[in-house]
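Engineer: Chains as they are written, first to last, in numbering that gives the first Met the number 0: chain A, 0 to 577; chain B, 0 to 577.
Note that the Cβ used here is the ideal one computed from N, Cα and C, for glycine as well.
2 protein chains.
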Amino acid sequence: MEKSAVYHQPCSAYAYPYDKDTMHIKIRTKKDDIQSVSFIYGDPFNFVKNEENKYKWISQRKYMIKVAQTNLHDYWFIETKPAFRRLQYGFVLISSEGESAFYGERGFSKLEKKTLISPDYFFKFPFLHEVDLFKAPEWVKSTVWYQIFPERFDNGNPSISPKNVLPWGSKNPGTEDFFGGDLQGIINHLDYLKDLGVNGIYLNPIFEAPTNHKYDTLNYYSIDPHFGDKETFRKLVQESHKRGIRIMLDAVFNHIGSQSKQWQDVVKNEEKSPYKEWFHIHSFPVTEGTNGNIEGKTTLSFDTFAFTPKMPKLNTANQEVQNYLLDIATYWIREFDIDGWRLDVANEVDHAFWKKFHHAVLKEKNDVYIVGEIWHDAWNWLQGDEFHSVMNYPLTQAIIDFFIEDKINAMELVSNLNQHFMKYMQNVNEVTFNLLDSHDTARILTRAKGNKKKVKQALAFLFAQSGSPCIYYGTEIGLDGDNDPLCRKCMIWDKKKQDEDMFLFTKKLIALRKKYQQILSNGRLKWILVDNQTRILTFSRNLGQQSLVFYFNQGEFDEEVPINKNGISYVNAWNETS
Amino acid sequence: MEKSAVYHQPCSAYAYPYDKDTMHIKIRTKKDDIQSVSFIYGDPFNFVKNEENKYKWISQRKYMIKVAQTNLHDYWFIETKPAFRRLQYGFVLISSEGESAFYGERGFSKLEKKTLISPDYFFKFPFLHEVDLFKAPEWVKSTVWYQIFPERFDNGNPSISPKNVLPWGSKNPGTEDFFGGDLQGIINHLDYLKDLGVNGIYLNPIFEAPTNHKYDTLNYYSIDPHFGDKETFRKLVQESHKRGIRIMLDAVFNHIGSQSKQWQDVVKNEEKSPYKEWFHIHSFPVTEGTNGNIEGKTTLSFDTFAFTPKMPKLNTANQEVQNYLLDIATYWIREFDIDGWRLDVANEVDHAFWKKFHHAVLKEKNDVYIVGEIWHDAWNWLQGDEFHSVMNYPLTQAIIDFFIEDKINAMELVSNLNQHFMKYMQNVNEVTFNLLDSHDTARILTRAKGNKKKVKQALAFLFAQSGSPCIYYGTEIGLDGDNDPLCRKCMIWDKKKQDEDMFLFTKKLIALRKKYQQILSNGRLKWILVDNQTRILTFSRNLGQQSLVFYFNQGEFDEEVPINKNGISYVNAWNETS
Chain A
0 MEKSAVYHQP CSAYAYPYDK DTMHIKIRTK KDDIQSVSFI YGDPFNFVKN EENKYKWISQ
60 RKYMIKVAQT NLHDYWFIET KPAFRRLQYG FVLISSEGES AFYGERGFSK LEKKTLISPD
120 YFFKFPFLHE VDLFKAPEWV KSTVWYQIFP ERFDNGNPSI SPKNVLPWGS KNPGTEDFFG
180 GDLQGIINHL DYLKDLGVNG IYLNPIFEAP TNHKYDTLNY YSIDPHFGDK ETFRKLVQES
240 HKRGIRIMLD AVFNHIGSQS KQWQDVVKNE EKSPYKEWFH IHSFPVTEGT NGNIEGKTTL
300 SFDTFAFTPK MPKLNTANQE VQNYLLDIAT YWIREFDIDG WRLDVANEVD HAFWKKFHHA
360 VLKEKNDVYI VGEIWHDAWN WLQGDEFHSV MNYPLTQAII DFFIEDKINA MELVSNLNQH
420 FMKYMQNVNE VTFNLLDSHD TARILTRAKG NKKKVKQALA FLFAQSGSPC IYYGTEIGLD
480 GDNDPLCRKC MIWDKKKQDE DMFLFTKKLI ALRKKYQQIL SNGRLKWILV DNQTRILTFS
540 RNLGQQSLVF YFNQGEFDEE VPINKNGISY VNAWNETS
Chain B
0 MEKSAVYHQP CSAYAYPYDK DTMHIKIRTK KDDIQSVSFI YGDPFNFVKN EENKYKWISQ
60 RKYMIKVAQT NLHDYWFIET KPAFRRLQYG FVLISSEGES AFYGERGFSK LEKKTLISPD
120 YFFKFPFLHE VDLFKAPEWV KSTVWYQIFP ERFDNGNPSI SPKNVLPWGS KNPGTEDFFG
180 GDLQGIINHL DYLKDLGVNG IYLNPIFEAP TNHKYDTLNY YSIDPHFGDK ETFRKLVQES
240 HKRGIRIMLD AVFNHIGSQS KQWQDVVKNE EKSPYKEWFH IHSFPVTEGT NGNIEGKTTL
300 SFDTFAFTPK MPKLNTANQE VQNYLLDIAT YWIREFDIDG WRLDVANEVD HAFWKKFHHA
360 VLKEKNDVYI VGEIWHDAWN WLQGDEFHSV MNYPLTQAII DFFIEDKINA MELVSNLNQH
420 FMKYMQNVNE VTFNLLDSHD TARILTRAKG NKKKVKQALA FLFAQSGSPC IYYGTEIGLD
480 GDNDPLCRKC MIWDKKKQDE DMFLFTKKLI ALRKKYQQIL SNGRLKWILV DNQTRILTFS
540 RNLGQQSLVF YFNQGEFDEE VPINKNGISY VNAWNETS
C-alpha cells in the first residue's frame, strides 16, 4: 500500500456539507493501489453500554465508491446524512495485495478493534451549519450565458459613437480602434438572443472609460457616453428580463483608470491629495518609472495592475475605498436590478474586501451571482462567503488541449478533468462559469484553425458538463479571431456572412442543455470508454434512474459505437429518435 | 520518483504570507524519495525581450531546505520576499535515482525549457495583502499561562460560599461538590503567581451558573455570586495587570444553561416564546427524550451540546443571538479590560459567527487573544479572521505518548510533531495555546503514575516549543488527579504539603522561557539526535546566529551526550555555567 499518497483533509473539498443535511466525503489514494475503501462513521457523542457495562462509541461502516481516476490517483467518495449534523469518521483501506490499514486524524494505524472504537483516531466534522454552506443562486444552473464585448456587438445609436469611429467591421480591430458598438445595439438584438436560446448576458465593462475595453474606469457611476446612458441601460435590463434573460456586469475593482478624478488628484496634489490612501503608493511624486516591458514599467512608484501605469491599483483595505466600491456594487443592483457581477482580476484583491462585497451584494438582492476572474485553482475564494463561481479556465484548457489542439490523449483529458473537478466541492462545480474563449483569449474557431467540426465537439463537450456554459458573442455564427485585439472583432449581422450551420448547431445545443438541465447540472459523471487509439470518448451523466450518454469521436475515422439496449428505454437526444 | 505522494496547495499552509513582505512555501514528498527540490519563482507579470525579440518570463531558482520528516513524508521549505508582492512559482524535483521532473499547477511536466518559461504551468500567489495576514497579538509569544478552575483555587471570601460548601480539600471532588473557591481567592495569590513567573491567567467560566464548572451559563452579564461580584472581578483584572499578568475568560457560546431565562421561557411558552428562534428546536413541546447514554439522551426534541439536556445549543445564525453574544464578548473587554477569550466547544459554532466575533472583539481592543477549544486539526479556524489559536491538544498527545506513557518511540514522536507543525502556518504555531493537561483531562502527574521525572521532562519539552505554554493550576506544586471530576481537586496551600522541588523546577523553567523567549517563539526547530534505542532526543531551536540546544534522556540509563564545542561560544542555560 502506498501510504504516502493517501490524502484527506477535514473541512475542505474532501469533507464538506453539500446541503443542509448532507455531507460529502472524499479520500485520495494512489492510482490502482487500493481495492476497497470503507467509511467508518457515527455521531461523536453517541455511546452505548456494552456487555461489560462499559460505554462504547457507536459507528457504522459503508463502502465508498471510486468516482474518479487521474494519471496518479484514485478518488473515493461517499455521501452521508448525519442524524445530529455531527460526524466522526475514518477510513479502512484494503490494498490490491490485501493489506489493510485504518486511516484517520492520527494518520495510519493498525486495523484492530482498539483503533475502531477509539474516537481519538477519527476525523471530525464538528457540526453542519446551514449558514456556512456554499450556496449559489439556483437560477445559475439553468442559465446559458452569452458574453458581449459592447464596443463590438452592434452600433444601435450612431449619434453617440466616438468621433473617430470606424465603419462597422471595416477592418480587423487594433488596440485603439472604435467601431461604435453600444447598449442600443444589444437591445436591438435581444430577440435574436432569445431565439438562440441564451438566458444570461455577461457584459464586459460599460462604465465611463477612455479605452474601447473600458477596464480603465473613469467613473463607476456613469454609463460610458459612447455606449448610452442610464435610461438605455435600464431599458436593456428591463427588455432582457422580459425575455427571461439575466444581466451580469463586469466590476473592475482591483484598479481604477489613471484618468479618474481620484488618481488625477493624487498626481496633482501628491501627499496632500485626499485620495492618497486610496492607492498603494511607495513614494511621491508618483512616477511612471522608466524601464518598460510587455506589461509596462517595473520602476513605478505605485502598485498597478501588472506593470500598467494606466491602471493604478486600489487600496481595498482602506475604509473609504470600501465604502465607495460597495456602494457602486449595490447601486447598480438597487437602481437597475442587475443579476450578477463578474469581478475583474479578482484574485489580486484582498479576501477581506470580497467577504464584505459578498455580504453587501446579497443583502441588496439575495440571488445575485458573483463570478471571480481567476484563471487557476480558486478553492479559497469558493468557500461560500466570497464568490459563487470563477471563470473556469482550467476546464477550457483541458477541452482545448484535447478537442482543439490534439495536445493530449483521451486518458490525459479525463485525468486533467477529474483532477480539476475533485479540487472543488460539488456545489461549486454545479455553478462554475464555463467557457471556451473570451475577450482575453484567441477565439475557439481560430484555435481550431477554422475546423468547425472541432469547435462543435468542444462546444458540445462544454455543454455536457456541470456548471453554466457561456458562448462568446459571434461563436454561434462562425466569428474568428486571434489573441487580443483580434478576438474582439465586430459581430457579423449580414445573414449571408453568418455561418448558418453553426448557428443551428448552437441553438440546438442550447435547447438540449435546457431540456436536460437537471441531469446536466447535478448528474454524476461516469467515464465509460476512454480510448487513446481511436480518440473516442464515451461518458454518461446520471441522476436517479436517468442517464444521458455522450459519444465523442475525436479521431480520424468513423467508428461504430456499441450501445447496450438491454432492458433500457432510451431516446437519441440529438435526433429525437428512439 | 513517487509522484503520487507529492503535495502542494496554493493559498494554504503550503503557501502563505508570513508577514507583510514574506511568503512561506512548502512542498511534501515521499520520505527519502527526493534528493533535492528547487524553487523556480518570479513576478507573474515580469517579462523581458530576449535575443529573438520575444518577451520571456523572468524567473529565479533557489534550493529548498528539507525542514521536516515524518514516517511517510519529507517537507521542503523556502522563504521569499516578492518585490511586487506577487508570486508565480513551481518546483523542480530530483529523485534519489536522479530522475527529474517539474511540478506546478498542472501537476507533473517534463523538465524542459518550454515548461520553465510557460507561466501556465506555474502556481500563483496572486497578491500579498497585509489585511489578509494571520496576525496574533505580539504579547502572546512572551506569555506563560496559568489555568485556574475558580471553584478550586482558593476560598478568599467564605461569606459568599454556597450553602453546601465542603471544607477546603476535605475530600476528592465529586461532580456536584462545592468547595468555595472564588475570585478573592485568586486575588490573594497574585503575588504567588507573579513569583512563579506566569504572566497570563486563563480562568474557567466565572459567569452565573448552577454547577461548580459553570459551563451551563445562567447569565453572561453577571459574575457567579459564589465567586464574587463585578467589583471583585474588576479588582482581579486591575491587580493582575499591575503585576504584568493578563486575564483570559472562558466564553461558553455554543450552548446556554437550561436554567437560563431564555430556555426556561421556551419550556414555559413553547411556540409563543420570543426565544424560540434562539435555539435549534425540532418540535414542541421541547422534551428531554428517553434513552440515555453516556452523554445524555438521543431522542431530545432540540439540539444540545453532545446529548446533554442541561445545555441547549444556541442558534448562532440568529441575529438576536448574535447581537446578544457579541455584546457580551465586548462588554467584558469594554468594562473590565480583559485580554483574551477562550471559546468553549468552538468548532461546533458556525464560522460566520466567529468571523463576526473576531471583528467585534478586535474592534473593541486590538490585541485581545482568541483561543478556540478545538481538540483536533483546526486549520480552517486559523486563517486569520476567526481564532488566533486553539488549545493545542495534538501536541499534548504526542508529548504524553512519548514522555509520559512510553507508547511511542523517539522517531514516532518526531514524526507526529513534525506532521502537526506542518499542518499550520508558522505564524499560527508561534502562538498556539500549549498544554499538558486541563480541567478536561487527567492531570499530568497522574498520567505519569506519580513519576515526577517524567512530568519534568514533559514540561521542559513543552516549554521548548513555539507557542505559549500553560500550566494547569497545581501542577507546579505536585497536584494530581484522574479524569474529571478528580482533575479539579482543591489547590494545596499548605507549604508542607506542596512539592517544593517541583515548584522550583517550574519557576526556573518559566524564567528560562522568558529569558530565551524570542528564540523559543520564532527559532527554527532542528532535530539533531533521535534515538529509539536509548530514547535520547536532541534538538535545537535556531534564530540568526543563536542556537538553543536541548538534550532529553527519556531512557533508563545515564548517557554521555557529546557536545561539539569547536569554535562555538556556549553556556549551559540550565545551570548557567559555561
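Grouping DSSP H, G and I as helix and E and B as strand, with all else coil, what is M247(B)?
Structural biologist: Residue numbering aside, residue 247(B) sits at position 248 when the second sequence is read from its first letter. Reduced to three states, the DSSP call for M247(B) is strand.
Engineer: I'd like to know whether the C-beta of F483(B) is nearer than 7 angstroms to at least one C-beta of chain A.
Structural biologist: For the purposes of this step, residue 483(B) is taken as residue 484 along the second sequence, with counting starting at 1. A small correction: the amino acid at residue 483(B) is Asp; Phe does not occupy that position in the sequence shown. With 7 angstroms as the cut-off, D483(B) does not count as an interface residue toward chain A.
Engineer: Shorter than 7 angstroms from the beta carbon of V66(B) to some beta carbon of chain A?
Structural biologist: Counting from 1 along the second sequence, the entry for residue 66(B) is found at position 67. Judged by the 7 angstroms Cβ criterion, V66(B) is not in contact with chain A.
Engineer: Under the rule that 16 or more other beta-carbon atoms within 10 Å means buried, what is N482(A), buried or exposed?
Structural biologist: Within the first sequence, the letter at position 483 stands for residue 482(A). Result: exposed.
Engineer: Is G256(A) closer than 7 angstroms to L217(A) when the C-beta atoms are compared?
Structural biologist: Counted from its first residue, the first sequence places residue 217(A) at position 218. Counted from its first residue, the first sequence places residue 256(A) at position 257. The answer is yes: Cβ separation under 7 angstroms.
Engineer: DSSP puts D73(B) in a beta bridge; with which residues?
Structural biologist: Counting from one through the second sequence, the residue named residue 73(B) turns up at place 74. The partner list for D73(B) (beta bridge, DSSP) reads T28(B) and Q68(B).
Engineer: Given a threshold of 16 other Cβ atoms within 10 Å of its Cβ, counted over all protein chains shown, does P43(A) qualify as buried or as exposed?
Structural biologist: Reading the first sequence from its first residue, position 44 is the one you call residue 43(A). So P43(A) ends up on the buried side.
Engineer: If you draw a straight line from the C-alpha of A397(B) to the C-alpha of M247(A), how long is it?
Structural biologist: Indexing the second sequence from 1 puts residue 397(B) at position 398. Indexing the first sequence from 1 puts residue 247(A) at position 248. Distance between the alpha carbons of A397(B) and M247(A): 53 angstroms.
Engineer: How about the segment 311-327 of chain B and the segment 271-278 of chain B: do they share at least three Cβ pairs that are nearer than 8 angstroms?
Structural biologist: Yes, the segment 311-327 of chain B touches the segment 271-278 of chain B.
Engineer: Buried or exposed for R60(A), going by 16 or more other Cβ atoms inside 10 Å?
Structural biologist: Working through the first sequence from its first residue, we reach residue 60(A) at position 61. Exposed: under 16 other Cβ atoms inside 10 Å.
Engineer: According to DSSP, is F178(A) helix, strand or coil?
Structural biologist: Here residue 178(A) refers to the residue found at position 179 when the first sequence is read from its first residue. It is coil, neither helix nor strand.
Engineer: For P9(A), which residues in chain B fall below 9 angstroms Cβ to Cβ?
Structural biologist: Taking the first sequence and counting its residues from 1, one reaches residue 9(A) at position 10. H375, D376, W378 and N379, listed in chain order.
Engineer: Could you check what DSSP says for P204(A) in three-state terms: helix, strand or coil?
Structural biologist: Here the question's residue 204(A) lines up with position 205 in the first sequence. Coil, per DSSP.
Engineer: In chain order, what residues of the same chain lie with their CB nearer than 7 angstroms to the CB of V236(A), ignoring the 5 residues before and after it?
Structural biologist: Along the first sequence, one-based indexing puts residue 236(A) at 237. Hits under 7 angstroms: I246, F335, D336 and I337.
Engineer: Is the CB of N322(A) under 7 angstroms away from at least one CB in chain B?
Structural biologist: Here residue 322(A) refers to the residue found at position 323 when the first sequence is read from its first residue. No, no contact with chain B.
Engineer: Is the beta carbon of T142(B) closer than 7 angstroms to that of S467(B)?
Structural biologist: As a working mapping, residue 467(B) is identified with position 468 in the second sequence. As a working mapping, residue 142(B) is identified with position 143 in the second sequence. Yes, they are a contact pair.
Engineer: Determine, using beta carbons only, whether H254(B) comes closer than 7 angstroms to chain A.
Structural biologist: Locating residue 254(B) in the second sequence gives position 255, where the first residue counts as 1. Judged by the 7 angstroms Cβ criterion, H254(B) is not in contact with chain A.
Engineer: Please classify P561(B): is it buried, with 16 or more other beta-carbons within 10 angstroms of its beta-carbon, or exposed?
Structural biologist: The sequence position of residue 561(B) within the second sequence is 562, counting from 1. Exposed, by the Cβ-count rule.
Engineer: Does the structure place the segment 188-204 of chain B close enough to the segment 144-151 of chain B that three or more beta carbon pairs sit under 8 angstroms?
Structural biologist: In short, these stretches touch, since the Cβ pair count reaches three.
Engineer: Per DSSP, what are the beta-bridge partners of A14(A) in this structure?
Structural biologist: Taking the first sequence and counting its residues from 1, one reaches residue 14(A) at position 15. Looking at the DSSP assignment, A14(A) forms a beta bridge with S11(A) and I24(A).
Engineer: Looking at the secondary structure, which residues open and close the beta strand (DSSP E) in which Q321(B) lies?
Structural biologist: Here the question's residue 321(B) lines up with position 322 in the second sequence. Per DSSP, Q321(B) belongs to no beta strand (DSSP E); it is in the alpha helix (DSSP H), Q318 to F335.
Engineer: Which residues in chain A have a C-beta closer than 8 angstroms to the C-beta of Q59(B)? List them in chain order.
Structural biologist: Mapped onto the second sequence, residue 59(B) falls at position 60. The premise fails here: Q59(B) is roughly 15 angstroms from chain A at the closest Cβ pair, so nothing lies under 8 angstroms.
Engineer: Are there three or more Cβ pairs, one per stretch, closer than 8 angstroms when the segment 382-393 of chain A is compared with the segment 281-301 of chain A?
Structural biologist: Judged by Cβ distances under 8 angstroms, the segment 382-393 of chain A makes no contact with the segment 281-301 of chain A, as fewer than three pairs qualify.
Engineer: For a contact meaning CB atoms closer than 8 angstroms, what does P81(B) contact in chain A?
Structural biologist: Taking the second sequence and counting its residues from 1, one reaches residue 81(B) at position 82. Neighbours of P81(B) on chain A: none; closest Cβ ~12 angstroms, over 8 angstroms.
Engineer: Nearest CA to the CA of I476(A): which residue from S465(A), A463(A) and R442(A)?
Structural biologist: For the purposes of this step, residue 476(A) is taken as the residue at position 477 of the first sequence. Of the listed residues, the one whose Cα sits closest to I476(A) is R442(A).
Engineer: Of the residues that make up the segment 410-432 of chain B, which ones have a beta carbon closer than 8 angstroms to any beta carbon in chain A?
Structural biologist: Answer set for the segment 410-432 of chain B: N415 and Q418.
Engineer: By a C-beta neighbour count over all protein chains shown, 10 Å radius and 16 as the cutoff for buried, is T431(A) buried or exposed?
Structural biologist: Residue 431(A) sits at position 432 when you count from the first residue of the first sequence. Answer is buried; the Cβ neighbour count reaches 16.
Engineer: Keeping to the same chain, check which residues put their C-beta closer than 7 angstroms to that of T619(B); ignore five residues upstream and five downstream.
Structural biologist: With chain B covering only 0 through 577, there is no way to say anything about residue 619(B).
Engineer: Does the Cβ of I567(A) have 16 or more other Cβ atoms within 10 Å, making it buried, or fewer, making it exposed?
Structural biologist: Translated into the one-based positions of the first sequence, residue 567(A) becomes position 568. Exposed: under 16 other Cβ atoms inside 10 Å.
Engineer: The beta strand (DSSP E) that contains S239(A), what's its start and end?
Structural biologist: Residue numbering aside, residue 239(A) sits at position 240 when the first sequence is read from its first letter. Premise fails: S239(A) lies in the alpha helix (DSSP H), K229 to K241, not in any beta strand (DSSP E).
Engineer: Is it buried or exposed for K213(B), if we count other Cβ within 10 angstroms and need 16 for buried?
Structural biologist: Sequence index remark: in the second sequence, residue 213(B) carries index 214 (1-based). So K213(B) counts as buried.
Engineer: Whole angstroms is fine: what's the gap from F232(A)'s alpha carbon to Q516(A)'s?
Structural biologist: As a position in the first sequence, residue 232(A) is number 233, starting the count at 1. As a position in the first sequence, residue 516(A) is number 517, starting the count at 1. Using only the alpha carbons, I get a separation of about 30 angstroms.
Engineer: If I measure Cβ to Cβ from T298(B) and keep anything under 7 angstroms in the same chain, skipping five residues before and after, which residues do I get?
Structural biologist: Along the second sequence, read from residue 1 onward, the residue named residue 298(B) stands at position 299. Counting only Cβ-Cβ distances below 7 angstroms, and skipping sequence neighbours, we find G288, T289 and N290.
Engineer: Whole angstroms are fine: how far does the CA of L195(A) sit from the CA of K455(A)?
Structural biologist: By one-based count along the first sequence, residue 455(A) stands at place 456. By one-based count along the first sequence, residue 195(A) stands at place 196. Computed Cα separation, rounded: 16 angstroms.
Engineer: Helix, strand or coil for Y550(B) per DSSP?
Structural biologist: In the second sequence, counting from the first residue as 1, residue 550(B) sits at position 551. Y550(B) falls in the strand class under three-state DSSP.
Engineer: Taking 7 angstroms as the limit between beta carbons, can you name the residues of its chain near G173(A), skipping five residues before and five after?
Structural biologist: Along the first sequence, read from residue 1 onward, the residue named residue 173(A) stands at position 174. P484.
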